[in-house]
Structure formats: structure tokens, C-alpha cells
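Beneath this line is the structure, given in C-alpha cells, with notes to follow.
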Amino acid sequence: MKTLTLKNKFQTNATLLPNDFIDNYMVDANGEFVKVYLFLLRHLDDPCSSITISTIADCLNNTENDILRAFRYWEKAGLLRLECDSDGKITGLELQKTARLGKNDPTAVTENPPVPVKEIQVQQPSRSKAVPLDAFRAQKEIKSLLFIAEQYLGKTLTHTEMETITYFYDTLHMSADLIEYLLESCIENGHKSMHYIQKVAFSWAEEGIETVAQAKEQSTLYSRTCYTVLNAFGIKNRGPASSELVFIRKWSEEYGFSSDIIEEACRRTISATHQPSFEYTDSILTRWHDKNIRHLTDITYLDEEHQKERAAEKAARKPRTAARNMNNFERRSYDMDSLEEQLLNSN
Numbered sequence: 001m002k003t004l005t006l007k008n009k010f011q012t013n014a015t016l017l018p019n020d021f022i023d024n025y026m027v028d029a030n031g032e033f034v035k036v037y038l039f040l041l042r043h044l045d046d047p048c049s050s051i052t053i054s055t056i057a058d059c060l061n062n063t064e065n066d067i068l069r070a071f072r073y074w075e076k077a078g079l080l081r082l083e084c085d086s087d088g089k090i091t092g093l094e095l096q097k098t099a100r101l102g103k104n105d106p107t108a109v110t111e112n113p114p115v116p117v118k119e120i121q122v123q124q125p126s127r128s129k130a131v132p133l134d135a136f137r138a139q140k141e142i143k144s145l146l147f148i149a150e151q152y153l154g155k156t157l158t159h160t161e162m163e164t165i166t167y168f169y170d171t172l173h174m175s176a177d178l179i180e181y182l183l184e185s186c187i188e189n190g191h192k193s194m195h196y197i198q199k200v201a202f203s204w205a206e207e208g209i210e211t212v213a214q215a216k217e218q219s220t221l222y223s224r225t226c227y228t229v230l231n232a233f234g235i236k237n238r239g240p241a242s243s244e245l246v247f248i249r250k251w252s253e254e255y256g257f258s259s260d261i262i263e264e265a266c267r268r269t270i271s272a273t274h275q276p277s278f279e280y281t282d283s284i285l286t287r288w289h290d291k292n293i294r295h296l297t298d299i300t301y302l303d304e305e306h307q308k309e310r311a312a313e314k315a316a317r318k319p320r321t322a323a324r325n326m327n328n329f330e331r332r333s334y335d336m337d338s339l340e341e342q343l344l345n346s347n
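Residue numbers for the sequence shown follow our numbering, so the first one is 1 and each next one is one higher.
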């Protein structure tokens, strides 16, 4: 990595920040870009130091692409001039002392034309202790993850987003490969919200997912279960709604049912209600869970037992029904003497 040369028009014993920068430039700039500009100002007073893009990135906890984007932003704003070699690589920086007539004024001019001045070598601040190998490797992996996240999201990460990804690595102890797969799978499914990505990360941590292979297996199982349910209900051309996902996760994760058992419950739901009903299916699967159903053969056995119980109840109801009918029969009383007299007189 080539050393960058900074050229300055003025030197002081303090870091000076012009009011013009605060009034006209800082308001519109990204906070990370402001940090880069302040960093450059800070190191203008040491004529015997040197820096590289990577050392600036390390000091500011950014990626090298972040630093390059900041350079180009300030060059476009007129506060920085980049010096490049024949290959287009940056070899030096020259800070420009500029002032604008007004905010976003296209007629803005510089107070003084940029002129070469004495070259200044600026270096990264020295560290009192050497960085341990494990810490260095971790820092390198985090920087790589932040760069990858920017490529997937198509934007510069905010400070909060960088902290979230670092949290996955440091606190949840997710490997760099697993975090990369997390970002890839979420974004490919249309979820670019860091809040959503964080929820998936928490879910994986709770389920003990530690490798990409485990995550892929869980993802495949989850996708297959969703497809099974929607297909059994005849739902086409859409994914499950959030409320429906709650039921599907409950059946597959909390109850631990396989896809064929869930599909059977959906089939029975359609047969009974003639329409998709996650609530009705949930009642079936909850009953099966309480009965410790684990295989389709268990369901067949449960059905047979249910039929036997119904048959026994029906057989037990028949004598009671006959007795009740006999008790309801209306008995009649007859005058036998009167009937006998009527019979004699008829002759």
C-alpha cells in the first residue's frame, strides 16, 4: 500500500476547523465522511509522519472503501484534491481552503487557488501495546463482514448497523461464514432491514445453529414446511403472512411435527371446513401433540381407537333409547264388564 502525502497551506499547534466547514459543508455530509475530514485535519501538524488508506480505516473503524468514498466526496465538494499515479491509485492528498457564497450555490469559488505547499507525511497514531493475533484476526474478519454487508445492502452502513454486525460476531459468537450466510439468505429473500436480520440471528442463536450447514438445513426445512402448508390449502402465488408464519413455526418448531403430519392436518381442515383455516388446523395439531403423535401410523391408530369409542357409545345408547321409548308408551285402561255386556247384546 503506497504512502499518502498530505499538503497543507497552513500549520498551527492545534487542529483548526473553519466555521465555513461547519456552516456550509458539515450539514450535508455523511457523519463518517466528516470523521475522515477531521482525521486528516488532525494529522496536518506532524511533518514527519505517514499514513495509508488502511491505517485510516483501522483508526476510524471503517472499511477502506468507506475512506475512498469520503475522499471522493470531499474532492467533489472542493475541500480535497487527490493526487494519483498513472495507474489511477491515490498517492497524495491536498486539503483546499475554500469558502462558498451560499449553501448549494453553484457560483461558489475558492478564497485562494490551490497551490502546492510543503509536503507533510502523516502516519497512524502509535499504539502502546501490540495487538494480539486473535484480536487482529477478529478485527480483520469484522472489517471484511462490514464490506460484504455493504455490497449486499448496496449502501454505506450506518454506525448502528456496523454495531449490530459486530454484536453478532462478538456477543452471539457467530462465525464470519455464518454471518455472511445470514446476510445473503435474508437479503435474497427480500429482507434488507437490519432489524429483520437481527431477529433471524437471535432465532439461530436460540436454536443452537453454529454452522452454515446447520443454517441451510434449518432454512430448507422451514421453506419446505411453508410450501407444504400453502400447497395443501391451495394458496398460490404468495408466501405465508406473518400471522400464518406464527402457526407454521409453532407446528414445526414447538410441536416438532414433520411435513407429512402437518399436511394431513391441513387436508382434514379442508375436508371439514371447505376452506383454509390455520386456526382449525392448529386445533387438530394441538390435539395430536397432546396425544404424543409422532408418525402417520400414530394418527391411523388414534382414528381406529376413536371409531371404536364411537361404536361403543352408540351400542350403549341403544338399550337406553329402547327403554326410554317403552316408558314413554301411553297405557290405556278398559272397562271389561261393559265390553262383555256390549258383546252379549250384539248377539
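All C-beta atoms, glycine included, are put in the ideal place defined by N, C-alpha and C.
Given a length threshold of 4 residues, each whole run of the alpha helix (DSSP H) inside the region 206-255 is given here in chain order: 212-232 and 242-249. Under the criterion of beta carbons closer than 8 Å, GLY92 and LEU4 qualify as touching, at roughly 6 Å.
Annotated as proximal: VAL212 and TYR181, with beta-carbon spacing under 8 Å. Membership of ARG42 in the alpha helix (DSSP H) is indicated by the continuous run 31-42.
Rounded to the nearest whole angstrom, the C-alpha separation of ILE51 and GLU150 is 25 Å. Distance from the CA atom of THR166 to the CA atom of LEU245, rounded to whole angstroms, is 29 Å. Cβ-Cβ distances below 7 Å link ALA232 to GLU263, CYS266 and ARG267 in the same chain, with the five nearest sequence neighbours on each side left out; the list follows chain order. If you look at ILE165, you'll find it in the alpha helix (DSSP H) that goes 159-170. In this structure, the alpha-carbon of CYS186 lies about 55 Å from that of LYS314. If you look at LEU16, you'll find it isn't in any beta strand (DSSP E); DSSP assigns it neither H nor E.
According to the DSSP assignment, ILE90 belongs to the beta strand (DSSP E) that extends over 90-95.
Per DSSP, the continuous alpha helix (DSSP H) segment holding ARG72 begins and ends at 64-77. Counting other Cβ atoms within 10 Å of its Cβ, ASN237 stays below 16 and is therefore classed as exposed. Bounds of any beta strand (DSSP E) do not take in ARG294, whose DSSP letter is neither H nor E.
Counting every other CB atom within 10 Å of its CB across the protein chains shown gives ILE248 a total of 16 or more, marking it as buried. Within the DSSP secondary-structure output, ARG317 pairs in no beta bridge.
For a cut-off of 8 Å, the C-beta gap from ILE209 to GLN218 is around 6 Å, short enough to register as a contact. Secondary structure note for LEU82: its beta strand (DSSP E) is the uninterrupted segment 80-84. The C-beta of LYS35 has 16 or more other C-beta atoms within 10 Å across all chains shown, which makes the residue buried. A check of alpha carbon separations from GLU163 across HIS195, GLU184 and GLY190 identifies HIS195 as the nearest. A residue is called buried when at least 16 other Cβ atoms come within 10 angstroms of its Cβ; SER86 does not meet this threshold and is exposed.
The Cβ-Cβ distance between THR281 and THR269 falls below 8 Å. Counted as a single uninterrupted DSSP element, the alpha helix (DSSP H) harbouring LEU182 occupies residues 176-188. Within the same chain, and ignoring the five residues on either side of LEU68 in sequence, no residue has its Cβ closer than 6 Å to its Cβ. Under the DSSP definition of a beta bridge, LEU4 partners with ILE51. Counting only residues of its own chain and dropping the five nearest sequence neighbours on each side, THR63 has a CB closer than 8 Å to the CB of ALA57, LYS143, LEU146, PHE147 and GLU150. According to the DSSP assignment, ILE270 belongs to the alpha helix (DSSP H) that extends over 259-273.
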